[in-house]
Amino acid sequence: MLKLIKKVLPIFGLVLFIRLLSNISSSAFVDSLLSISFYKVILIIFCSWFGLVAKGFRWTLIASNTNINKKDLLRLYYGAMFLGIITPGRIGEITKVQFLKDRGVEYSLAFYLTIYDRVFDVGYLLITSLFFLAYVYHFSKFLIVSIIVFMILFLFVQYFIAIKLIPQKKIFIKMLFSYLLTIMSYLVFGFGFSMLLNMSNINQIVLTTLSVTLGNLVALVPVSIMGLGTREYVFINVLPFLSEILIISSSLVHLTLSVLASLLFCSLFYKKDFLKIKKNKLQPKTK
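The sequence shown maps to residues 4 to 290 in the working numbering.
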């Protein structure tokens, strides 16, 4: 029964997307798609690649307590990400655990490192989305203070859990830089979306850039295929100054190009290097 529910849930996003499409003119939708210039397509691709590079270097910081060199860590990271993209719920990324274990890293540490890497994404998306919603919907001071308290507690808990489970030097500095890399990756990724929407006003650029954060958070809920449908619904509700046609067409292009760009980038590492580094006999650092 549970397996059936998991298979059926993503249909919700598809149905929602079709419902949104039914509210707009099909000819206007096609015209909006065709009006997207080539340089914007290139911009989206480079924004996606920038995010991948930033997250790759974040991974090298997180996994720095192994003696696997940075080059091999990056190969491992992007190869696992490739599997994550092509598997439901990005479950393929969990393969990092087994590959780290094969290289002498204790299973528990490999598991913690993999989960810890995802915590930066979820933490940033959750906290930033809460502040974004507070701004858009004019939350009360009490709710804003509550969000700030939640953010502080989240970061403290993350820090102390990291100290306990992932012992390494300068963990606070590494955690700080990991969040900076996370912030940079999502801001650049969101900026690409704002350019698709032809934003020129600074305030609107900021709003559309941050709206992608909320869209990505909603996409984590397993009721859609990579956020298709749910992302567009979010954008329509938090960006009322834009037409639904522009939002839906731009969101579809942004999602499609980002996924294809990520697949292309990560597939290079998976095909050429990901399996190759299995032959390395690496051992974890001794304390």
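Beta carbons: idealized from backbone N, C-alpha and C, even for Gly. Note that this is a predicted model, so its numbers are computed, not measured.
Should the region 258-269 be regarded as contacting the region 43-60, the criterion being three or more beta carbon pairs within less than 8 Å?
They touch, by the three-pair rule.
Note down, in chain order, each residue of its chain lying with its Cβ closer than 7 Å to the Cβ of residue 186, except the 5 sequence neighbours on either side.
Contacts found: 127.
Classify residue 34 as buried or exposed, calling it buried when 16 or more other Cβ atoms lie within 10 Å of its own Cβ.
Exposed is the call here.
Within 8 Å, do at least three Cβ pairs link the region 70-87 to the region 26-44?
Because the criterion of three Cβ pairs below 8 Å is not met, the region 26-44 and the region 70-87 do not touch.
Which runs of the alpha helix (DSSP H) at least 4 residues long sit entirely within the region 154-200? Give them in chain order.
Counting whole runs of 4 or more residues, the region 154-200 contains the alpha helix (DSSP H) stretches 174-199.
Alpha carbon to alpha carbon, how far is residue 135 from residue 250? Give it in angstroms, no decimals.
Between residue 250 and residue 135, the C-alpha separation is close to 18 Å.
On the premise that residue 196 lies in contact with residue 253, defined as a C-beta separation below 8 Å, what is that separation, rounded to the nearest angstrom?
Between residue 196 and residue 253 the Cβ distance is about 7 Å, and since that is below 8 Å, they are a contact.
When burial is assigned at 16 or more other CB atoms within 10 Å of the CB, is residue 175 buried or exposed?
It is exposed - the Cβ of residue 175 has fewer than 16 other Cβ atoms within 10 Å.
What do you reckon, are the CB atoms on residue 36 and residue 232 nearer than 9 Å?
The answer is no: Cβ separation not under 9 Å.
Would you kindly work out how many angstroms separate the C-alpha atoms of residue 220 and residue 188, rounded to a whole number?
Going from the Cα of residue 220 to the Cα of residue 188 covers about 15 Å.
Which of the three DSSP states, helix, strand or coil, is assigned to residue 6?
DSSP places residue 6 in helix when its eight states are reduced to three.
On the three-state DSSP scale, how would you describe residue 63?
The answer is helix: DSSP assigns residue 63 an H, G or I state.
Is it the case that the region 130-149 contacts the region 207-223, given that we only count it when at least three CB pairs across the two stretches are under 8 Å?
Touching, yes.
Whole angstroms are fine: how far does the CA of residue 183 sit from the CA of residue 290?
Summary for residue 290: the model assigns pLDDT 41, below 50, so the residue's position carries little reliability, and this model does not support an answer.
Please go through the same chain and pick out, in chain order, the residues whose beta-carbon is closer than 6 Å to the beta-carbon of residue 261, but skip the five residues on each side of it.
Correct list, in chain order: 51.
For residue 103, which residues in the same chain have their Cβ closer than 6 Å to its Cβ, ignoring the five residues on either side in sequence?
Only 113 meet the Cβ criterion.
If we count the other Cβ atoms within 10 Å of its Cβ and call it buried at 16 or more, is residue 18 buried or exposed?
Flag for residue 18 reads exposed.
Quick one: give me the first and last residue of the alpha helix (DSSP H) that residue 84 is part of.
Run containing residue 84: 73-88, per the alpha helix (DSSP H) assignment.
Quick one: what's got a C-beta closer than 7 Å to residue 12's C-beta in the same chain, skipping five residues either side?
Here the set comprises 225 and 226.
Tell me which residue opens and which closes the alpha helix (DSSP H) that residue 265 is part of.
Unbroken alpha helix (DSSP H) run through residue 265: 247-272.
Beta-carbon within less than 6 Å of residue 147's beta-carbon, same chain only, minus the 5 sequence neighbours each way: which residues are those?
Cβ within range, chain order: 137.
First and last residue of the alpha helix (DSSP H) that includes residue 133?
Note, residue 133: alpha helix (DSSP H), 110-139.
According to DSSP, simplified to helix, strand and coil, what is residue 244?
Coil, per DSSP.
Can you give me the Cβ contacts of residue 63 inside the same chain, cut-off strictly under 6 Å, excluding the 5 residues immediately before and after it?
The answer, listed in chain order, is 73 and 76.
Consult DSSP for residue 281 and reduce its assignment to one of helix, strand or coil.
Residue placement at residue 281 cannot be trusted, given a pLDDT of 49 that sits under 50; what the coordinates show is reported in the next sentence. Three-state result, residue 281: helix.
Please name the residue in 193, 170, 168 and 162 whose C-alpha comes closest to that of residue 179.
Comparing Cα positions, the closest option is 162.
Compare the beta carbon distance of residue 194 and residue 205 with 9 Å and say whether it is the shorter of the two.
Not a contact, by the Cβ cut-off of 9 Å.
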